[in-house]
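Comments concern the structure below.
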Amino acid sequence: MFETVQEIAVYIHRFHNLDLFQQGWYQIKISMRWEDSEYTSLATPARVVQYEAPDLGGENVYGIWRIDDTDNSFLTQPFRIKYARQDIRLSIMISFTLPLGENEGPSTSAVILKFELMQAPITDTMVELLAYPDAVSVAVHEFRIPPKALLGLHSYCPVHFDAFHSVLVDVSVHISLLKAGSFLKVHSGSYGQDVTGKISDGSHQALGIEHTIDVSDFVSNVDDVSMFDSIVQANLVAADVAVSGHGKPQDGLEKANSTIDFQSDNLPHISSKAAVVNIFHSLGAQLSYLWSIFLQFHRANKTKILEFLRDVWIKDRRAEWSIWMVYSKVEMPHHYMSSGSDDSSHHGHRRVLSLMNPAQSAATRADLHRRSIAQMRINNRSIQDMYIFGDLLRIPIIIVERVTNAPRRTLSENSYFKNLDLVDAHSSHSGPGTESDAGKKQPSAVLLKNGRELKAVVFVHGFQGHHLDLRLVRNQWLLIDPKMEFLMSEVNEDKTSGDFREMGQRLAEEVISFLKKKMDKVSRSGLLRDIKLSFVGHSIGNIIIRTALAESIMEPYLSYLHTYVSISGPHLGYLYSSNSLFNSGMWLLKKLKGTQCIHQLTFTDDPNLENTFLYKLCEQKTLENFRHIVLLSSPQDGYVPYHSARIELCQAASSDHSKKGRAFLQMLNNCLDQIRAPYA
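full-length UniProt numbering puts the sequence shown at residues 1 to 680.
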């Protein structure tokens, strides 16, 4: 009888600590199981290959890997984490096997691949560490391998665990369906670098990513390949045939390109059972040999393969995750944004009034898109991250609106396009890369070639926040750009109830001190080619950022501004807030505690609206120097008005022709003028 086995090889390249809370000794535990309970076979580690010998005498890696027979899991050697952004090279391949039994065919059940982060208590001696067998599992990350992917797959598989154990484990997964009996299980007491032996000498060691693999010696040694053709031809005579209208026999094997369709229902019956068994044994031997060649090839080219698979993974995930994203282009409104007497202005307001509430519109749009996702057929040939695929309908829908400038219809002093001609002239004659400023701004060729670019990102927390509140955003940014320098602002912790002017002054001084230290460090090691200064703010942290940028001491650094990410920032304050419960809370803060920043956000810090802090801040050029501005908001946000976080018109303001409405529209005009202005 013919038995098959599912082999899943997991290669662990490195463990990168992004932001673990605790120092200590860690291990990675790997196990697998069938998703369908009807499959009773156990996934067992069958082969372990240590590609590079770990530094057993070093202070960061100690001990050896082991296999736990109680749950058929694999544990890496313990490694010590002492600081953030620390790398531990593991370079180990673990092959799991899942027997399918006799004549079962390909699996109809998925496989759950489970990674656990194990943390051992800190001990005074290494002997105690090795004697401690039951390290605590502190985080879990699971992946699902669909049945179709079990037929054959090579994929990058990054493991991040959770928000409280933020790491990156570079992992690749390689899957094949093989004939059983090709290898033996490794017992838990057997430790070593290579259970299967060394790579054979000869041409296989010279295999490279960009070279053709020569398997001619393999093909020549497998004489049974031709046996299949002879058996098929011999049985074609006895096969049942159908006669076409022209009297010519046709069989199920005939294809346009003279190839055989093995999935055809018309495949002729082959009488010799022994011959069929020999065919499948021959194919099984070929697959096993090719799989062995790949494993040797992987060991010699592990880094190149991982980088290639990572690039493929990035492209595939961008396409896959786009299911939960809705893209659109939105023009800045071309109607006048004032409540003057111009007829076209009133027409514009009537048009806005006819629109659905933006927050309600976004929520409805997301709900409709989520329903359509339920009808989609998700790609079932790739590894599925259970953080996403665990419950598809609970994944948030992201609506991405790229704002573009609408064509100008007319000019007016009341229009926020009143300086359009000046802006366009500046863009066409003095934009980046033009000849007019080439001589002034272009650095020398030597500086461009040898200089270093300093990319700094400042993260600012919100009301009564902590400097680590935005650590998840920082960690994701570090994954995209590991060379980024970051500042988690601390100067306003426990001080967010005061005046925004004081908070902005403190932030400006903190940012300047941070930049000077980083600039001096880069200058000591080489030439400083360019500086890109970005900001990420949450809640009122965005108001603090804009206040800091308005400080005179920040003026020399404004030309370095690059990206601004605003997360639920109340840029237009709370003039129009529909959350009565939240409004009551702010009223209590003002009355009972006299919170100055709440007075400023609600425009009660001065009897004259045009003299209030936030109105004056919108007149400052705090946004126009950024090259990229990203405004994140949510209709489910119960704290910051949807329109205020998006810097857009709301229905209440569009119908308000009072002094309050005019002041709001002027603030909005000032902000939009800055956003659409070309960067310096």
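Where is the CB? At the ideal position from N, CA and C, for every residue including glycine. Just so we're clear, the structure is a prediction, and the values are computed from it rather than from any experiment.
Reduced DSSP category for residue 344 - H, G, I as helix; E, B as strand; rest coil: Only weak support exists for where residue 344 lies, its pLDDT of 42 falling under 50; the coordinates are left without a value.
Bridge-paired residues (DSSP) for residue 307: Beta-bridge pairing links residue 307 to no other residue.
Three-state secondary structure assigned by DSSP to residue 21: coil
Which residues DSSP lists as bridging residue 370, in chain order: Residue 370 is not bridged to any residue.
Sub-8 Å separation of residue 549 and residue 496 beta-carbons: no
Test item: CB-CB of residue 118 and residue 179 under 8 Å: Against a cut-off of 8 Å, the Cβ pair of residue 179 and residue 118 comes out as no contact.
Alpha-carbon spacing of residue 349 relative to residue 526, whole angstroms: Legend: pLDDT at residue 349 = 44, less than 50; position of this residue unreliable, value from coordinates given subsequently. Those two C-alpha atoms are separated by around 57 Å.
Residues bridged to residue 34 (per DSSP): 111
Residue from 135, 508, 50 and 565 with nearest C-alpha to residue 626: 565
C-alpha gap between residue 324 and residue 637, whole angstroms: 19 Å
Beta-carbon spacing of residue 712, residue 454 below 8 Å: As shown, the chain starts at 1 and ends at 680. That puts residue 712 outside it, with no answer to give.
Cross-strand partners of residue 61 (DSSP beta bridge): By DSSP's assignment, residue 61 forms a beta bridge with 79.
Coarse secondary structure for residue 45, derived from DSSP in three states: strand
C-alpha distance - residue 471 paired with residue 567, whole-angstrom precision: 13 Å
Rounded C-alpha distance that separates residue 94 from residue 45: 7 Å
Any alpha helix (DSSP H) of 4 or more consecutive residues that is wholly inside the region 612-637: 613-619
Presumed contact (8 Å Cβ cut-off) between residue 635 and residue 359, rounded CB distance: 4 Å
Enclosing beta strand (DSSP E) for residue 152 [first to last residue]: 152-156
Outcome for residue 48 when other beta-carbon atoms lying within 10 angstroms are tallied against a minimum of 16: By the C-beta density criterion, residue 48 is buried, having at least 16 other C-beta atoms within 10 angstroms.
CA-to-CA distance, residue 77 to residue 490, given in whole angstroms: 37 Å
First through last residue of the alpha helix (DSSP H) which encompasses residue 287: 273-300
Residue 119 in three-state terms, based on DSSP: strand
Cβ-Cβ distance between residue 551 and residue 498 below 8 Å: Going by C-beta atoms, residue 551 is not nearer than 8 Å to residue 498.
Exposed unless 16 or more other CB atoms sit within 10 angstroms - verdict on residue 115: That one is buried.
Cut-off 6 Å between Cβ atoms - residues of its own chain near residue 619, not counting five sequence neighbours on either side: 670
Spatial neighbours of residue 98 in its chain, beta-carbon cut-off 6 Å, leaving aside the 5 residues before and after: 6, 41 and 43
Terminal residues of the beta strand (DSSP E) in which residue 331 lies: 325-331
Environment of residue 598 [buried if 16+ CB atoms lie within 10 Å]: buried
DSSP beta-bridge partners of residue 536: 459 and 565
At least three beta-carbon pairs within less than 8 Å, the region 138-147 to the region 294-311: The region 138-147 and the region 294-311 do not touch, with fewer than 3 CB-CB distances between them shorter than 8 Å.
Residue nearest to residue 327 in terms of C-alpha spacing, selected from 517, 399 and 111: 399
Alpha-carbon spacing of residue 75 relative to residue 66, whole angstroms: 5 Å
Proximity below 8 Å, CB of residue 573 to CB of residue 603: yes
Inter-residue Cα distance where the pair is residue 120 and residue 136: 6 Å
Cβ-Cβ distance between residue 295 and residue 167 below 8 Å: No.
For residue 84 and residue 631, the rounded distance between their alpha carbons: 29 Å
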